[in-house]
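S.K.: Residue numbers (our numbering), protein chains in the order written: chain A, 419 to 732; chain B, 179 to 281. Okay, here's the structure, questions in a sec.
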Amino acid sequence: MRKCDVLIIGAGPAGLTAAIYAARAKLSTVVLEKSKIGGQIVTTTEVANFPGCPEDSGPGIIEKMKKQVDLFGAEIIKEEVTALDLKGDLKVVKTSKSEFEAKTVIYAAGAYPRKLGVEGEKELTGGGVSYCATCDAGFFEELEVYVIGGGNSAVEEGMYLTKFARKVNLITIDPHLTAEKSICEEAMKNEKMTFTYNSVVTKIHGKEEGIVTGMTVKNVKTNEETTFEPDPEDGTFGIFPFIGYVPNTDLVKDILDNENSYIKTDDHMNTNIEGVYAAGDLRVKLVRQVVTAASDGAIAAVSAEKYIEEKFNK
Amino acid sequence: MFILTKDNFEAENTGLTVVDFWNEGCTKCIALMPDYEELSNTYADNFKFCKMDTKASGPRFNIKLKVMGLPAIVVYKDGVEVDRVAGDDASREAIENMLKKHV
Chain A
419 MRKCDVLIIG AGPAGLTAAI YAARAKLSTV VLEKSKIGGQ IVTTTEVANF
469 PGCPEDSGPG IIEKMKKQVD LFGAEIIKEE VTALDLKGDL KVVKTSKSEF
519 EAKTVIYAAG AYPRKLGVEG EKELTGGGVS YCATCDAGFF EELEVYVIGG
569 GNSAVEEGMY LTKFARKVNL ITIDPHLTAE KSICEEAMKN EKMTFTYNSV
619 VTKIHGKEEG IVTGMTVKNV KTNEETTFEP DPEDGTFGIF PFIGYVPNTD
669 LVKDILDNEN SYIKTDDHMN TNIEGVYAAG DLRVKLVRQV VTAASDGAIA
719 AVSAEKYIEE KFNK
Chain B
179 MFILTKDNFE AENTGLTVVD FWNEGCTKCI ALMPDYEELS NTYADNFKFC
229 KMDTKASGPR FNIKLKVMGL PAIVVYKDGV EVDRVAGDDA SREAIENMLK
279 KHV
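Structure below.
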C-alpha cells in the first residue's frame, strides 16, 4: 500500500495541471494514467487558442506541462485504476498492480469518442474504422471515406480528410448539419464532400476479412436500408464516427453525483464526497477545452491542499 | 528494434514477430513508443520486435496488411497475423496482455 496526499486519476491537461499545483504546494502527488500522457489533445496537431502558446500543437503543450510536473516532483505512474473506495478519510485506489491510500483524490479521467454501437465496429477499429482523422487520414489516400455525424467535429474532420481521400461522404441523423454556420458553408463549397441526411449506420461489414468491406445505413424517416460497398478496385473504404463524447466515469458514477454521467461539482471542484474532486472534460460544464481543463485542475489542487490542511494538519 | 519495410517485410517476418505500426503523424503512437520499447526489452527472448513506418510503406501495402488505423500492434506467427491491439485499446497493459498470450 502506497500513501500519498493527492492522487490524481488521468494525465490529460486537467490532471497534469492539478499535479503541477499540488506538487508545487509540497504535497506528495501521484498521477495514474492508463494509456497515453496528455489525453485527447495529443491527437490535435494544431492548437491555436491556448493562451501564451500561439502556433502550438497538442503534443507540444503536453510536453511542456509534463516538464513542469517533473520539475515539481509529482510522479506519473502508468497503471489503470480498477477499483476505488472513496468514502473514508483515507481514499483507497486500486490498479491491476498496486494499491494507493490517499488523503484526496482528483478525478480527471476525461472523455472518449462516442462509439456507434453497431456490429463490426469494435472488430474493425484499426481495420477501416477510426476515431482520429489526424492519426489515420493517410491510410485513405485516394480512397472513399464516410464521416458519421453532423456537428463541428464531424464537419471539420471531414474537410481535413478531403486532403487525403478521393471523396468524403458525411452521414448524419439530422435533416441538416448542426455544425456552426461558417464551418458548414465551407464544407458545402468543398467539391469532394457529399452529404446524406436523416441516416444512421446499422452495420459495418468485413469482420471476417479484418478490413471494412461495406456499411449498412438506415434512413430514419423511411426506415429504408442501403448497403454501401467500396469501389471494387479499392476493395475498402474508411469510416470515421464523430458523434460526440462519453465521460470516462463508469467507476465513479454510482458514488459521485452526476448528470448523464458527467460529474457535478461546485465552483471549487468539490464533488459530493469530502476530499474527492473532479476536473476536466468529465465535469458538467459549458466549455470543454484545454484551458478550462487546466483551470479545473488548478482549482481542484488548491481545494485539496486547503482540505488536507484543515482535516489532517490541525 | 528491427525496422521493417515494404521490401523486407516477407523475408524478415518469420517465427513470432511483433510489429509496432506507426508514422510521424500519429501522436498516440509516439506517446506509446517508450512503453513498446520497454516491453521489447522485457520480452526480448520471446519475440522479434519490429517497427514499421506506414507512411513509407504506402496505402496499398497497408491495405494488404489490413492495417488501416494507428496505433496498431500486431503479432505474427510465420508471417500470418495471430493477434492485434489497435486504436484506443492500444495501452501498455493491453499490449503486454496480448504478448503474454503468445509467449
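Note that beta-carbon positions come from the ideal geometry of N, C-alpha and C, so glycine has one too.
Can you give me the start and stop residues for the beta strand (DSSP E) that I495 (chain A) sits inside?
M.R.: Start at 1 with the first residue of the first sequence, and residue 495 (chain A) comes out as number 77. Per DSSP, I495 (chain A) belongs to the beta strand (DSSP E) from 493 to 495.
S.K.: Alpha carbon to alpha carbon, how far is N637 (chain A) from Y564 (chain A)?
M.R.: Translated into the one-based positions of the first sequence, residue 637 (chain A) becomes position 219. Translated into the one-based positions of the first sequence, residue 564 (chain A) becomes position 146. If you take the alpha carbons of N637 (chain A) and Y564 (chain A), they lie about 16 Å apart.
S.K.: What are the residues in the stretch 189 to 208 of chain B lying within 8 Å of chain A by C-beta distance?
M.R.: N201, G203, C204, T205, K206, C207, I208
S.K.: How do the stretch 195 to 205 of chain B and the stretch 223 to 239 of chain B stand: do at least 3 beta-carbon pairs fall below 8 Å, yes or no?
M.R.: yes
S.K.: Tell me the start and end of each unbroken beta strand (DSSP E) in the stretch 619 to 651 of chain A that is at least 3 residues and wholly inside, in chain order.
M.R.: 632 to 637, 643 to 646
S.K.: Buried or exposed: which applies to E747 (chain A), given that a residue is buried once 16 or more other Cβ atoms fall within 10 Å of its Cβ?
M.R.: Because chain A is modelled from 419 through 732, residue 747 (chain A) falls outside the range shown and cannot be assessed.
S.K.: Note down, in chain order, each residue of its chain lying with its Cβ closer than 6 Å to the Cβ of A440 (chain A), except the 5 sequence neighbours on either side.
M.R.: As a working mapping, residue 440 (chain A) is identified with position 22 in the first sequence. Hits under 6 Å: V424, T447, A719.
S.K.: When you compare only the Cα positions, how much space is there between G624 (chain A) and E519 (chain A)?
M.R.: Your numbering for residue 624 (chain A) matches position 206 in the first sequence. Your numbering for residue 519 (chain A) matches position 101 in the first sequence. For G624 (chain A) and E519 (chain A), the distance between alpha carbons rounds to 46 Å.
S.K.: Which residues in the same chain as D699 (chain A) place their Cβ atom closer than 6 Å to its Cβ, once the five residues preceding and following it in sequence are excluded?
M.R.: Translated into positions along the first sequence, residue 699 (chain A) becomes position 281. Counting only Cβ-Cβ distances below 6 Å, and skipping sequence neighbours, we find G528, A529, R706.
S.K.: What do you get for T640 (chain A), buried or exposed, if any count of 16 or more other CB atoms within 10 angstroms of its CB means buried?
M.R.: Sequence index remark: in the first sequence, residue 640 (chain A) carries index 222 (1-based). Per the 10 Å Cβ criterion, exposed.
S.K.: At a CB-CB cut-off below 9 Å, which residues of chain B make contact with P431 (chain A)?
M.R.: The count along the first sequence starts at 1 and reaches residue 431 (chain A) at position 13. Those do not exist, as P431 (chain A) stays about 14 Å from chain B at its closest Cβ, beyond 9 Å.
S.K.: Does any residue of chain B bring its CB to less than 8 Å from the CB of C422 (chain A)?
M.R.: Along the first sequence, read from residue 1 onward, the residue named residue 422 (chain A) stands at position 4. Output row for C422 (chain A): interface = no.
S.K.: Reducing DSSP to helix, strand and coil, say where L489 (chain A) ends up.
M.R.: In the first sequence, counting from the first residue as 1, residue 489 (chain A) sits at position 71. Of the three classes helix, strand and coil, the one that applies to L489 (chain A) here is helix, per DSSP.
S.K.: From P753 (chain A) to T654 (chain A), what distance separates their C-alpha atoms?
M.R.: Coverage of chain A is limited to positions 419 through 732, which leaves residue 753 (chain A) absent and any answer about it impossible.
S.K.: Within 8 Å, do at least three Cβ pairs link the stretch 581 to 596 of chain A to the stretch 673 to 687 of chain A?
M.R.: no
S.K.: Do you know how far the Cα of F646 (chain A) is from the Cα of G556 (chain A)?
M.R.: The residue labelled residue 556 (chain A) in the question sits at position 138 within the first sequence. The residue labelled residue 646 (chain A) in the question sits at position 228 within the first sequence. Just so you know, the alpha carbons of G556 (chain A) and F646 (chain A) end up roughly 22 Å apart.
S.K.: Would you mind reading off the limits of the alpha helix (DSSP H) that contains T205 (chain B)?
M.R.: Along the second sequence, one-based indexing puts residue 205 (chain B) at 27. 205 to 220 is the extent of the alpha helix (DSSP H) around T205 (chain B).
S.K.: With 8 Å set as the bound, which would you pick, yes or no: does the beta-carbon of D488 (chain A) sit closer than that to a beta-carbon of chain B?
M.R.: Taking the first residue of the first sequence as position 1, residue 488 (chain A) is located at position 70. Judged by the 8 Å Cβ criterion, D488 (chain A) is not in contact with chain B.
S.K.: Taking any Cβ of chain A, which residues in the stretch 258 to 278 of chain B have a Cβ under 8 Å from it, in chain order?
M.R.: E259, R262, A264, G265, D266, D267, A268, S269, R270, E271
S.K.: How far does the alpha helix (DSSP H) with L450 (chain A) in it extend, from its first residue to its last?
M.R.: As a working note, residue 450 (chain A) is residue 32 in the first sequence. Membership of L450 (chain A) in any alpha helix (DSSP H) is not indicated; the residue belongs instead to the beta strand (DSSP E) covering 447 to 450.
S.K.: What in chain B is Cβ-close to I438 (chain A), meaning under 9 Å?
M.R.: One-based indexing of the first sequence puts residue 438 (chain A) at position 20. The premise fails here: I438 (chain A) is roughly 19 Å from chain B at the closest Cβ pair, so nothing lies under 9 Å.
S.K.: L588 (chain A) bridges to which residues according to DSSP?
M.R.: Here residue 588 (chain A) refers to the residue found at position 170 of the first sequence. According to DSSP, which records beta bridges pairwise, L588 (chain A) is partnered with A:V565, A:F613.
S.K.: Let's see if you can read the secondary structure: which residues bound the beta strand (DSSP E) around G656 (chain A)?
M.R.: For the purposes of this step, residue 656 (chain A) is taken as the residue at position 238 of the first sequence. Start and end: 656 to 659.
S.K.: Rank B:V258, B:R238, B:V263, B:N275 by C-alpha distance to the C-alpha of A250 (chain B) and give the top, closest one.
M.R.: The count along the second sequence starts at 1 and reaches residue 250 (chain B) at position 72. Nearest to A250 (chain B) by C-alpha distance, out of B:V258, B:R238, B:V263, B:N275, is B:V263.
S.K.: Does the contact criterion of 3 or more C-beta pairs under 8 Å hold for the stretch 188 to 198 of chain B versus the stretch 453 to 470 of chain A?
M.R.: No, the stretch 188 to 198 of chain B does not touch the stretch 453 to 470 of chain A.
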